[in-house]
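Position 660 (the sequence shown) corresponds to 660 in full-length UniProt numbering; numbering is contiguous. Beta carbons are placed, not taken as given, at the ideal position from N, Cα and C, and that holds for glycine. Being a predicted model, the structure only gives us computed values, none of them experimental. As structure tokens, the structure follows; a few thoughts come after it.
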Amino acid sequence: MKLLLATSPHVRHAAVLQSDFKPLATVMYSFAPLGLLSLTAIVQERRPDISCALYDINRRVLSGALKLDNQFYRAAAEDICADQPDVIGFMTECDSYHHVLQIAMAIKEHAPKSKIVLGGPHASAVAELTLERYKAIDAIVLGEGELTFIDLLSALECDIQKSVLGALTRGADGDILKGGSRPLIAHLDDLPIPAYDHYQPDPGEEIFLEVGRGCPFKCEFCSTAPFWGRRHRVKSPARILKEIALLRELYGTTRVHFTHDLFTTDRKWVVAVCNALIDSGSPVRWTCSARTDTVDKPLLDLMSRAGCNAIYFGLESGSQRMLHEIRKDIPLQQSLDVLEVCLKAGITPNAGFIAGFPTEDRQSLMETFNAYEKALRLGSRPTHLFGYCPFVDSSMYARLNGLQCSGHFVDLPLGVETDRNNRVIIKSDPDLFGSYYRAILPDLMPGQEGVIDALDEFSPLVEAMLAPTLALADITGGMYEVYRAWLTWIHTRNDAEDAQSYRRGYGTPADFATFVLAELRKQPPVRSAAIAAAEAILVNMRVAEHVSTFESISIASYRSLILPTLESLPDILLGTSFSQGAILESIALDYDVTPALSGHSDLPANPEPTFLAWQIQDDGSIRLLQVDYCIYAVIKALKRGTMTAAELFVFQLDGNEDLMGIAPQKDVSTLIASLSNAAREGLIRVHHD
């Protein structure tokens with residue numbers, strides 16, 4: 001038997017906005033699919049006679065093997081079936097379920113005898129409905145999959161239509177056979193190490209490493225705790241170190257994300273893991289997820305010494321009423337204090353907030369925006385605002401009513417026709433695609449529509465324009481008012497351009513920067529440093545639109561924008577005559593706003609002339625450089641055409657006006673040194689006679 005295990009499509013929402021919904025390969029992101037790698041390992045251990053391969057659909061798009069167009073599903077099906085697998089297994093998640101189902105239907109058309117199996121959180125939650133409505137699906141593994149999958153493969157191999165413990169299967173007459181629930185694996189160390197050798201990471205990629213499963217808490221909106229039966233299980237410190245050693249041997253890995261719904265549930269175990277890491281020399285930098293009521297300064301200090309450099313905390317809401325209703329009764333100030341303690345320990349906190357719960361009102365939304373702003377100012381990076389997503393398996397879902405799907409969401413850019421069809425599919429089936437539905441909350445912002453629809457994509461824009469946006473919040477009365485003004489601005493702009501309804505509340509990063517800059521200029525009194533920072537970031541964003549940039553993505557950064565970051569210039573030798581290099585843009589500013597370009601929230605108090613240049617390199621990537629006044633003047637001069645060093649010196653003496661109080665350079669040796677720096681870095685080109 002030939003088995004193929006396939007990932008589901010993963011789209012980087014921020015990249016879709018950055019590309020203005022163009023079908024670029026770089027809107028996808030790939031990561032080590034731990035569930036599939038664990039299945040591969042147990043198949044190799046229990047059924048070595050089965051040929052097992054991993055198919056990463058995201059990497060196929062990134063490599064150019066698959067195109068994002070209206071033939072995507074057919075092309076993906078043909079690509080998946082190229083080696084004629086007998087069984088094809090898909091991992092599933094709520095936001096890509098409609099894509100997986102359509103790929104499955106295309107596979108059945110191309111290879112009718114193939115067997116298609118689904119697994120993962122979303123398929124488990126809607127298993128019976130899926131089998132009823134999509135005949136292309138032959139079986140669904142429910143919950144924890146390793147042992148069930150082995151039994152299911154045996155049944156599929158013999159073409160026996162029978163029930164399988166822990167799965168739903170299709171009988172001979174098409175009826176659905178229920179195998180009942182399978183007990184969870186008692187000891188995770190009993191599982192084989194995931195087959196990491198089947199995955200090839202990008203250079204420097206943060207690799208996912210599973211250290212445990214399950215969360216014992218009862219947050220009303222969450223679906224992951226029910227998926228694991230609300231049982232908290234962990235791997236031993238020795239097993240975790242063994243997996244780290246394997247990753248370092250295979251890939252030279254230096255960064256991992258400890259995958260666990262709640263890493264800090266069992267303090268004694270966390271201490272044991274950290275001590276084991278410290279004793280082994282803290283071989284990797286690692287990140288994890290935690291609750292703010294399960295950590296304190298001693299534990300965070302220990303985690304930092306063990307290599308932890310970032311923790312995701314779900315703060316969820318700034319409203320104590322909402323926190324009580326969703327059964328996450330942690331005082332907001334306690335959570336904010338933990339973010340500060342985290343930073344002092346040398347660990348970057350990541351924070352997440354949710355708005356749009358069924359009982360959300362204007363007051364609770366304002367409180368959440370205020371808490372979001374406080375987290376940003378404290379130094380939480382990234383800090384995200386999410387619209388409430390109704391997960392079918394959550395405790396809250398069964399009590400919901402009055403949900404609606406506006407069709408306003410970011411999806412794979414597969415062309416207008418396919419995109420329209422996908423939104424029709426999702427709107428027509430709230431049972432299967434409930435995560436795309438929203439509570440009806442008309443009074444969250446007086447006079448505004450689609451408040452929650454557009455919220456998911458707001459925080460990446462703020463993060464990329466952080467210091468100017470916080471300055472605008474100071475002037476206008478807070479981030480709630482900034483968001484309200486942004487909605488008015490982007491709705492008006494998109495309506496004027498007759499944009500598709502599903503993107504009415506979305507704009508590119510450059511759109512948001514343009515909005516912030518315009519608002520700052522019309523809201524006295526305005527700090528000039530905020531305007532200077534906004535101008536520089538806007539140029540940076542516009543430059544980034546010229547290229548399709550790829551970077552290794554982490555669990556913290558996959559929702560963030562990819563923008564050029566600042567570099568410095570070394571010394572070099574001098575040539576004879578010069579022309580301008582591959583410069584996309586340059587700018588002179590009254591203030592040193594380079595920290596703002598790196599995402600810092602503070603703005604300079606005093607003027608300091610600063611000069612920036614954006615350069616496109618041979619591989620298509622962008623460099624952002626801070627240059628001296630002389631190099632900036634030379635770049636501007638060479639826009640006229642090739643000039644000799646002597647001509648440039650004369651230009652400096654006679655033709656270049658004072659700029660921002662800086663007199664033209666009249667020292668030949670200083671000019672030559674600046675030309676040398678610029679030439680080595682390709683900002684100007686050297687031409688020898």
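Practice task
Take I50 and list the residues in its own chain whose beta-carbon comes closer than 7 Å to its own, dropping the five residues that flank it on each side.
Solution key: Position 50 of the sequence shown, counted from the start, is the residue given in the question as residue 50. If we look at I50 and ignore the five residues flanking it on each side, its Cβ neighbours are M1, L3, V43, L153.
Practice task
Please say whether V341 and K297 have beta carbons closer to each other than 8 Å?
Solution key: The residue given as residue 297 occupies position 297 in the sequence shown. The residue given as residue 341 occupies position 341 in the sequence shown. In contact: K297 and V341 (Cβ atoms closer than 8 Å).
Practice task
Measure the C-alpha to C-alpha separation of Y29 and L302 and round it to an integer number of angstroms.
Solution key: Position 29 of the sequence shown, counted from the start, is the residue given in the question as residue 29. Position 302 of the sequence shown, counted from the start, is the residue given in the question as residue 302. Each residue's Cα considered, the two are about 32 Å apart.
Problem - Where T610 falls: helix, strand or coil (DSSP) - result: Here residue 610 is taken as the residue at index 610 of the sequence shown, counted from 1. If DSSP states are grouped into helix, strand and coil, T610 belongs with the strands.
Exercise for the section: Go ahead and label E681 buried or exposed: buried means 16 or more other beta carbons lie within 10 angstroms of its beta carbon, across all protein chains shown. Expected result: Counting from one through the sequence shown, the residue named residue 681 turns up at place 681. With 16 or more Cβ atoms within 10 Å of its Cβ, E681 is classed as buried.
Exercise for the section: Mark D95 as exposed unless 16 or more other C-beta atoms lie within 10 angstroms of its C-beta, in which case mark it buried. Expected result: If you number the sequence shown from 1, residue 95 lands on position 95. Buried: at least 16 other Cβ atoms inside 10 Å.
Practice task
With a 10 Å radius around its C-beta and 16 neighbouring C-beta atoms as the bar for buried, classify C274 as buried or exposed.
Solution key: The sequence position of residue 274 within the sequence shown is 274, counting from 1. So C274 counts as buried.
Practice task
Measure the CB-CB distance between M445 and R493 and report whether it falls below 8 Å.
Solution key: Counting from one through the sequence shown, the residue named residue 445 turns up at place 445. Counting from one through the sequence shown, the residue named residue 493 turns up at place 493. No.
Exercise for the section: Could you check what DSSP says for R685 in three-state terms: helix, strand or coil? Expected result: Counting from one through the sequence shown, the residue named residue 685 turns up at place 685. DSSP places R685 in strand when its eight states are reduced to three.
Practice task
Please go through the same chain and pick out, in chain order, the residues whose beta-carbon is closer than 6 Å to the beta-carbon of S459, but skip the five residues on each side of it.
Solution key: To locate residue 459, count along the sequence shown from 1; it is residue 459. Contacts found: H384, L385.
Exercise for the section: Identify whether K374 lies in helix, strand or coil by the three-state DSSP scheme. Expected result: For the purposes of this step, residue 374 is taken as the residue at position 374 of the sequence shown. K374: helix per DSSP, three-state reduction.
Problem - Residues sharing a beta bridge with N350, DSSP - result: Here residue 350 corresponds to residue number 350 of the sequence shown, with the count starting at 1. According to DSSP, N350 bridges with Y312.
Handout entry: Those residues which DSSP pairs with G119 across a bridge
Key = Position 119 of the sequence shown holds residue 119. BP columns for G119 point to M91.
Problem - Nearest-angstrom Cα separation, counted from L683 out to D618 - result: Here residue 618 is taken as the residue at index 618 of the sequence shown, counted from 1. Here residue 683 is taken as the residue at index 683 of the sequence shown, counted from 1. Approximately 13 Å, taken between the alpha carbons.
Problem - C-beta atoms of F221 and S394 nearer than 8 Å - result: Stepping through the sequence shown from its first residue, residue 221 is reached at position 221. Stepping through the sequence shown from its first residue, residue 394 is reached at position 394. Yes; because the gap between Cβ atoms is below 8 Å, this pair is in contact.
Exercise for the section: Within the same chain, show all residues whose beta-carbon is closer than 7 Å to that of Q448, passing over the 5 residues directly before and after it, in chain order. Expected result: If you number the sequence shown from 1, residue 448 lands on position 448. Only R484, L487 meet the Cβ criterion.
Exercise for the section: Measure the CB-CB distance between W286 and G318 and report whether it falls below 8 Å. Expected result: The sequence position of residue 286 within the sequence shown is 286, counting from 1. The sequence position of residue 318 within the sequence shown is 318, counting from 1. No; because the gap between Cβ atoms is not below 8 Å, this pair is not in contact.
Exercise for the section: List the DSSP bridge partners of W269. Expected result: Position 269 of the sequence shown, counted from the start, is the residue given in the question as residue 269. DSSP output for W269 lists no bridge partner at all.
Problem - Local Cβ density within 10 Å of H687, reported as buried at 16 or more and exposed below that - result: As a position in the sequence shown, residue 687 is number 687, starting the count at 1. It is exposed - the Cβ of H687 has fewer than 16 other Cβ atoms within 10 Å.
Practice task
For the alpha helix (DSSP H) containing S154, list its first residue and its last residue.
Solution key: As a first step, residue 154 must be located in the sequence shown, where it is residue number 154. Element bounds for S154: 146–157.
Problem - Buried versus exposed call for H232 [16 or more other C-beta atoms within 10 Å across all chains shown] - result: Taking the first residue of the sequence shown as 1, we reach residue 232 at position 232. It counts as buried.
Handout entry: Per-residue DSSP class, three states only, for K22
Key = Residue 22 sits at position 22 when you count from the first residue of the sequence shown. In this structure, K22 counts as coil in the three-state DSSP scheme.
Problem - Spatial neighbours of I176 in its chain, beta-carbon cut-off 8 Å, leaving aside the 5 residues before and after - result: Here residue 176 refers to the residue found at position 176 of the sequence shown. Within the same chain, I176 has close Cβ partners E128, L131, E132, L168, T169, R170.
Exercise for the section: Give the DSSP-derived three-state secondary structure of E210 in the structure shown. Expected result: Start at 1 with the first residue of the sequence shown, and residue 210 comes out as number 210. If DSSP states are grouped into helix, strand and coil, E210 belongs with the strands.
Problem - Spatial distance of L574 from T610 (CA atoms) - result: Along the sequence shown, read from residue 1 onward, the residue named residue 574 stands at position 574. Along the sequence shown, read from residue 1 onward, the residue named residue 610 stands at position 610. Its pLDDT being 38, under 50, L574 is placed unreliably by the model, and the measurement read from it follows with that caveat. Rounded to whole angstroms, L574 to T610 spans 24 Å at the Cα level.
Practice task
Please name the residue or residues paired with T169 in a DSSP beta bridge.
Solution key: Residue 169 sits at position 169 when you count from the first residue of the sequence shown. Beta-bridge pairing links T169 to A139, L177.
Problem - Helix, strand or coil at D79 according to DSSP, with G and I counted as helix - result: Walking along the sequence shown from the start, residue 79 turns up at place 79. In the structure shown, D79 sits in a helix (DSSP, three-state: H, G or I).
Handout entry: Option nearest A276 by Cα separation, candidates T254, R267, F263, P237
Key = By 1-based counting over the sequence shown, the position of residue 276 is 276. From the listed residues T254, R267, F263, P237, the smallest Cα separation to A276 is found for P237.
Handout entry: C288, DSSP secondary structure in three states
Key = Counting from one through the sequence shown, the residue named residue 288 turns up at place 288. C288 falls in the strand class under three-state DSSP.
Exercise for the section: Hey, could you find the ends of the alpha helix (DSSP H) I622 is sitting in? Expected result: On the sequence shown, position 622 is the one that residue 622 refers to. Premise fails: I622 lies in the beta strand (DSSP E), 622–627, not in any alpha helix (DSSP H).
Handout entry: Given I240 as reference, the closest of I278, D83, F217 once Cα atoms are compared
Key = Position 240 of the sequence shown, counted from the first residue, corresponds to residue 240. Nearest option by C-alpha distance: I278.
Exercise for the section: Under 6 Å Cβ to Cβ from A467, same chain only, skipping five residues before and after it: list those, please. Expected result: As a working mapping, residue 467 is identified with position 467 in the sequence shown. Within the same chain, A467 has close Cβ partners A533, A596, S601, L603.
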